[in-house]
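A.B. asks: Numbering (the UniProt record's numbering), first residue to last: 1 to 165. Structure in structure tokens, see below.
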């Protein structure tokens with residue numbers, strides 16, 4: 001493991017660990033074509049049972065991860081449309097699923113939560129370095145920087161979308 005990957009490997013702070021947990025749920029749900037909520041419930045159970053695959057989350061972080069997963073599930077068509085407009089020269093089929101799910105996670109936060117963009121982008125880049133390919137961090141950073149500029153030029157949505165079942 002490279003030094004950069006080692007540094008990115010250890011989540012610091014509950015929000016970053018929650019983002020990583022949510023990313024892993026999104027990735028597994030997407031890969032297995034499974035409902036996100038059932039994957040979240042299974043992952044939460046594994047974490048609570050002491051499975052070291054997941055960093056232990058406190059209740060606040062778990063609630064934040066749940067909010068991310070539910071929000072992405074509800075807003076996925078809008079998130080994907082926004083990403084398609086932002087990413088030029090790449091289709092979703094050409095992209096690594098790791099990168100795509102990291103982008104979905106960060107795009108949701110940037111569009112719907114009011115979270116400042118720089119820490120969201122930094123977290124996404126760290127997750128990309130940990131789980132993605134060699135160029136994933138740069139790719140994710142470039143896409144999200146462009147998205148951030150675009151979003152700052154237009155008004156934000158009024159609120160987070162309603163969760164879908």
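In this text, a Cβ means the ideal position worked out from N, Cα and C, and glycines have one as well. Bear in mind the structure is a predicted one, so any value in this text is a computation, not a measurement.
1) In three-state DSSP terms, what is residue 65?
2) Could you pull out every residue in the same chain whose Cβ sits closer than 6 Å to the Cβ of residue 136, ignoring the five residues on either side in sequence?
3) By the 10 Å Cβ neighbour count, where 16 or more other Cβ atoms means buried, how is residue 150 classified, buried or exposed?
4) Less than 8 Å between C-beta atoms, sequence neighbours within five positions excluded: which residues of the same chain meet that for residue 37?
5) The alpha helix (DSSP H) that contains residue 121, what's its start and end?
6) Does residue 33 come out as helix, strand or coil in the three-state DSSP assignment?
7) Hey, is the region 84-91 in contact with the region 110-126, meaning 3+ C-beta pairs nearer than 8 Å?
8) Flag this pair as yes or no: are the beta carbons of residue 21 and residue 43 separated by less than 8 Å?
9) Would you check if the distance between the CB atom of residue 146 and the CB atom of residue 96 is smaller than 8 Å?
10) Within 7 Å: the Cβ of residue 17 and any heavy atom of the ligand SAM?
11) DSSP state of residue 56, grouped into three classes?
12) Residue 25 to residue 40, Cα distance in whole Å?
13) Buried or exposed for residue 154, please, with buried defined as at least 16 other CB atoms from any protein chain shown within 10 angstroms of its CB.
14) Give me the residue from 50, 55, 79 and 51 with the minimum Cα distance to residue 101.
15) Mark residue 29 as exposed unless 16 or more other C-beta atoms lie within 10 angstroms of its C-beta, in which case mark it buried.
C.D. replies: By the coordinates alone:
1) Within the chain shown, numbered from 1, the residue matching residue 65 stands at position 65. Taken through DSSP and simplified to helix, strand or coil, residue 65 comes out as helix.
2) One-based indexing of the chain shown puts residue 136 at position 136. Excluding five sequence positions before and after residue 136, the CB atoms of its chain that fall closer than 6 Å to its own CB belong to 99 and 128, given in chain order.
3) Translated into the one-based positions of the chain shown, residue 150 becomes position 150. Answer is exposed; the Cβ neighbour count stays below 16.
4) Counting from one through the chain shown, the residue named residue 37 turns up at place 37. So the list reads 69, 70, 73 and 165, once near-sequence residues are dropped.
5) Along the chain shown, read from residue 1 onward, the residue named residue 121 stands at position 121. 117-131 is the span of the alpha helix (DSSP H), which, as asked, contains residue 121.
6) For the purposes of this step, residue 33 is taken as residue 33 along the chain shown, with counting starting at 1. Residue state for residue 33 is assigned as coil, using DSSP reduced to three classes.
7) No: fewer than three Cβ pairs fall under 8 Å.
8) Numbered from its first residue, the chain shown carries residue 21 at position 21. Numbered from its first residue, the chain shown carries residue 43 at position 43. The Cβ-Cβ distance between residue 21 and residue 43 falls below 8 Å.
9) Counted from its first residue, the chain shown places residue 146 at position 146. Counted from its first residue, the chain shown places residue 96 at position 96. No.
10) The ligand SAM is absent from the structure shown, which contains no ligand whatsoever.
11) The count along the chain shown starts at 1 and reaches residue 56 at position 56. The answer is coil: DSSP assigns residue 56 none of H, G, I, E or B.
12) One-based indexing of the chain shown puts residue 25 at position 25. One-based indexing of the chain shown puts residue 40 at position 40. Straight-line Cα distance between these residues: approximately 6 Å.
13) The residue labelled residue 154 in the question sits at position 154 within the chain shown. Flag for residue 154 reads exposed.
14) What you label residue 101 is simply residue 101 of the chain shown in a count that begins at 1. Per the Cα distances, 79.
15) Stepping through the chain shown from its first residue, residue 29 is reached at position 29. With 16 or more Cβ atoms within 10 Å of its Cβ, residue 29 is classed as buried.
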